[in-house]
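Engineer: Numbering (my numbering), first residue to last: 74 to 462. Ideal Cβ placement from N, Cα and C applies to all residues, glycine included. The structure under discussion is supplied below as structure tokens; questions concerning it will follow.
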Amino acid sequence: MSITAPKGFVAAGLAAGIKASGALDLALLATDDASAVPTAATFTTNLAAAAPVQVSRDHLERSGGRASGVLVSSGNANAATGAPGRDDASSMCALAASGLGVPIEHVLVCSTGLIGIPLPMQPIEAGIPVLVTARSGSEKAARDAAAGILTTDSARKEVLVETPSFAVAGMAKGAGMLAPNMATMLAFLTTDAAIEPRPLADLLRIAVRDSFNSMSVDGCTSTNDTVVLMASGRAGVGDPNVVVDRVTEACVSLAGQMVADAEGASKIVQIRVTGAQSDGEAHAAARKVADSLLVKCSLNGGDPYWGRVASELGSAGVAFDMDRLAIAYGGVVVCREGVALEHDGAAVAEHLAGSLIDIHCQLGLADGNGVVMGVDLGYGYIDENRTTS
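Dropping the structure here:
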């Protein structure tokens, strides 16, 4: 499951010294010949966007949607660092661009980690030339890159989707602050399908909407979240519908790996809302339930307290009629027409004791459908986040 599996890509990762632990903390993804290929990205909606986000947005606009590489540092977010932080992000791009022999706007930069602390530029500046020299298409180089972007993650997150005509690969990080609209997460995807910048951007928006924007861990939106997709074109033009499906498949896999690795979580929950006035309203309602701390606590305790689910649906800001509401846990209906329904309590308890929970909410209004993946709230989440991490 290598990020370099699609034709035309190389990668590298190393321990520059950003992390006190000595773990890998610098990564590079680039084209094998340093050519600038069609590249699309989606960025955080947080108005306190970090310096790397600001710089990468600018570079992608200046390059007309093309890039030769992406440089990633982990352990420090370079967020809330003002003009010096933007200068540092630009310096990182300049160093990588010099090593690759490309214009600075053909390099994107991402960072993840602690907010409000200046980047330790000395080890980063020393590490970038070594990183550029080390880039290759080997499995080890790809694994090192996938490890170099991690923070509180327990393992690398990688995916490879192959078709007879092209491939899509990805690597990602994220274990906390995962909410719809991405949140503290980085994801990098490569494909050897040939797609021009504008349709590539449209394709990525669809894939992100149906994957990263349909997951929630704690409802917090980060300053740094970024998804980047690079297309080398080495495999030739593919069927656009097939390409978007395979890129979405890769994104769904990475999103699922993030949810499964959520800090302190013991259960994954799928919130399905049907019968809403529109798909958008269904998604908003599902998100409201997935983000609810009270619902998360009930799930952690194995308690089928459907009243909390109903309350969240009613306050989601979407069309709602309590008299038409039905709620089911694991296919067992516990509420119909807005009131409690006699049901098999043992079956519900058995379902809630598992690690994968399904909650289906039928609003009974129209045909809108939406799904959001979330998790419960465990003691481990508090332990991880009660101090700076």
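1. At which residue ranges does the region 101–126 contain complete beta strand (DSSP E) runs of 3 or more residues, listed in the order of the chain?
2. Is DSSP giving Ser209 helix, strand or coil here?
3. Asp218 to Glu385, Cα distance in whole Å?
4. Determine the closest residue to Ala358 out of Val444, Val310, Gly155 and Ile268, with distance taken between C-alpha atoms.
5. Counting Cβ pairs closer than 8 angstroms, one from the region 115–122 and one from the region 81–93, do we hit at least three?
6. Say whether the region 206–213 touches the region 87–106, bearing in mind that this needs 3 or more beta-carbon pairs closer than 8 angstroms, one atom from each stretch.
7. Can you find the residues in the same chain that come closer than 6 angstroms, C-beta to C-beta, to Gln350, ignoring five residues on each side of it along the sequence?
8. Taking contact to mean at least 3 C-beta pairs separated by less than 8 angstroms, is the region 133–150 in contact with the region 172–192?
9. Which one of Gly137, Ala100 and Phe261 has the shortest CA to CA distance from Pro202?
10. Starting from the Cα of Val281, find the closest Cα among Asp312, Ala266, Gly243 and Glu269 and give me that residue.
11. Leaving out five residues on either side along the sequence, give the residues of the same chain with a beta carbon under 6 angstroms from the beta carbon of Gln435.
12. Go through its chain and collect everything with a Cβ distance to Val205's Cβ below 7 angstroms, but skip five positions before and after it.
13. Do the region 319–337 and the region 232–247 meet, that is, are 3 or more Cβ pairs less than 8 angstroms apart?
14. Apart from the five residues just before and just after Pro79, which ones in its own chain have a Cβ nearer than 6 angstroms to its Cβ?
15. How about Gly387 and His433: do their beta carbons lie closer than 9 angstroms?
16. Check this for me: beta carbons of Val143 and Gly306, under 9 angstroms apart or not?
17. According to the neighbour-count rule (16 or more other Cβ atoms, all chains shown, within 10 Å of its Cβ), is Gly158 buried or exposed?
18. Considering only residues of the same chain and omitting the five flanking positions on each side of Lys361, which have a CB-CB separation below 6 angstroms?
19. Give the DSSP-derived three-state secondary structure of Met258 in the structure shown.
20. Does the Cβ of Gln195 have 16 or more other Cβ atoms within 10 Å, making it buried, or fewer, making it exposed?
21. Between which two residues does the alpha helix (DSSP H) holding Ala357 run?
22. Using DSSP's beta-bridge definition, name the partner residues of Thr347.
23. If we ignore side chains and look at the alpha-carbon of each, how far apart do Ala167 and Ser326 end up?
24. With distances taken from CA atoms, which of Gly411, Ser136, Pro125 and Val406 is nearest Asp431?
25. Straight-line CA distance for Phe285 to Ala328?
26. Got a sec, what are the start and stop residues for the alpha helix (DSSP H) Val316 sits in?
27. Find out if the Cβ-Cβ distance for the pair Met395, Met288 is shorter than 9 angstroms.
28. Going by C-alpha to C-alpha distance, which of Ile76, Thr236 and Lys369 sits closest to Leu425?
29. Note down, in chain order, each residue of its chain lying with its Cβ closer than 6 angstroms to the Cβ of Arg229, except the 5 sequence neighbours on either side.
30. If you follow the alpha helix (DSSP H) that Leu276 is part of, which residue opens it and which one closes it?
31. Where Asp313 and Arg271 are concerned, what is the direct C-alpha to C-alpha distance, given to the nearest angstrom?
32. Look at the alpha carbon of Ile91 and the alpha carbon of Glu198, and state the distance between them as a whole number of angstroms.
33. So which of Ala422, His356 and Arg381 has the shortest CA-CA distance to Val412?
34. Looking at Ala162 and Gly138, is the spacing between their C-beta atoms short of 9 angstroms?
35. Report the option in Leu259, Asn151 and Ser365 whose CA atom is closest to the CA atom of Gln330.
36. Taking the alpha carbon of Glu410 as the point to measure from, which residue in Ala267, Arg397, Lys246 and Tyr402 has its own alpha carbon closest?
Structural biologist: For this structure:
1. 110–116
2. Your numbering for residue 209 matches position 136 in the sequence shown. Three-state result, Ser209: strand.
3. As a first step, residue 218 is located in the sequence shown; it is residue number 145 there, counting from the start. As a first step, residue 385 is located in the sequence shown; it is residue number 312 there, counting from the start. Contrary to the premise, residue 218 reads as Ala rather than Asp in this sequence. The straight-line gap from Cα to Cα measures roughly 40 angstroms.
4. Working through the sequence shown from its first residue, we reach residue 358 at position 285. Of the candidates Val444, Val310, Gly155 and Ile268, the residue whose Cα lies closest to the Cα of Ala358 is Val444.
5. no
6. yes
7. Here residue 350 refers to the residue found at position 277 when the sequence shown is read from its first residue. Taken in chain order, the residues that qualify are Ala392, Leu438, Ala439 and Gly441.
8. yes
9. Taking the first residue of the sequence shown as 1, we reach residue 202 at position 129. The shortest Cα separation from Pro202 among Gly137, Ala100 and Phe261 belongs to Ala100.
10. Taking the sequence shown and counting its residues from 1, one reaches residue 281 at position 208. Minimum Cα distance to Val281 is reached at Gly243.
11. Walking along the sequence shown from the start, residue 435 turns up at place 362. Excluding residues within five positions, the ones whose Cβ falls inside 6 angstroms are Thr347, Gly348 and Ala399.
12. One-based indexing of the sequence shown puts residue 205 at position 132. Correct list, in chain order: Leu101, Ala169, Gly172 and Leu173.
13. yes
14. Mapped onto the sequence shown, residue 79 falls at position 6. Here the set comprises Ala240, Ala242, Thr263, Thr264 and Asp265.
15. The residue you call residue 387 lines up with position 314 of the sequence shown. The residue you call residue 433 lines up with position 360 of the sequence shown. Taking 9 angstroms as the Cβ cut-off, Gly387 and His433 do not qualify as a contacting pair.
16. By one-based count along the sequence shown, residue 143 stands at place 70. By one-based count along the sequence shown, residue 306 stands at place 233. Taking 9 angstroms as the Cβ cut-off, Val143 and Gly306 do not qualify as a contacting pair.
17. Here residue 158 refers to the residue found at position 85 of the sequence shown. Under this definition Gly158 is a buried residue.
18. For the purposes of this step, residue 361 is taken as residue 288 along the sequence shown, with counting starting at 1. So the qualifying residues of the chain are Glu385 and Ala389.
19. Residue 258 sits at position 185 when you count from the first residue of the sequence shown. Here Met258 sits in coil by DSSP.
20. Indexing the sequence shown from 1 puts residue 195 at position 122. Gln195 comes out exposed.
21. Reading the sequence shown from its first residue, position 284 is the one you call residue 357. That run of the alpha helix (DSSP H) goes Asp352 to Asp364.
22. What you label residue 347 is simply residue 274 of the sequence shown in a count that begins at 1. Paired residue(s): Gln435.
23. As a working note, residue 167 is residue 94 in the sequence shown. As a working note, residue 326 is residue 253 in the sequence shown. Near 33 angstroms, if we compare the C-alpha coordinates of Ser326 and Ala167.
24. Within the sequence shown, residue 431 is the residue found at index 358, counting from 1. The residue with the shortest Cα to Cα distance from Asp431 is Val406.
25. Position 212 of the sequence shown, counting from 1, holds the residue named residue 285. Position 255 of the sequence shown, counting from 1, holds the residue named residue 328. Taking the Cα positions, Phe285 is about 5 angstroms away from Ala328.
26. Here residue 316 refers to the residue found at position 243 of the sequence shown. Start and end: Pro313 to Ala333.
27. Numbered from 1 along the sequence shown, position 322 holds the residue referred to as residue 395. Numbered from 1 along the sequence shown, position 215 holds the residue referred to as residue 288. No, the pair does not count as a contact, with Cβ atoms beyond the cut-off.
28. Indexing the sequence shown from 1 puts residue 425 at position 352. With distances taken between Cα atoms, Leu425 lies closest to Lys369.
29. Residue 229 sits at position 156 when you count from the first residue of the sequence shown. Within the same chain, Arg229 has close Cβ partners Ala219 and Ala220.
30. Residue 276 sits at position 203 when you count from the first residue of the sequence shown. Leu276 -> alpha helix (DSSP H) spans Pro270 to Arg282.
31. Residue numbering aside, residue 313 sits at position 240 when the sequence shown is read from its first letter. Residue numbering aside, residue 271 sits at position 198 when the sequence shown is read from its first letter. Here the sequence assigns Pro to residue 313, which means Asp is not the residue at that position. Using only the alpha carbons, I get a separation of about 13 angstroms.
32. To locate residue 91, count along the sequence shown from 1; it is residue 18. To locate residue 198, count along the sequence shown from 1; it is residue 125. Ile91 and Glu198: Cα-Cα distance of roughly 11 angstroms.
33. Taking the first residue of the sequence shown as position 1, residue 412 is located at position 339. Closest by alpha carbon: Arg381.
34. As a position in the sequence shown, residue 138 is number 65, starting the count at 1. As a position in the sequence shown, residue 162 is number 89, starting the count at 1. Cβ distance not < 9 angstroms, so Gly138 and Ala162 don't count as in contact.
35. Translated into positions along the sequence shown, residue 330 becomes position 257. Minimum Cα distance to Gln330 is reached at Leu259.
36. Mapped onto the sequence shown, residue 410 falls at position 337. Nearest of Ala267, Arg397, Lys246 and Tyr402 to Glu410, Cα basis: Arg397.
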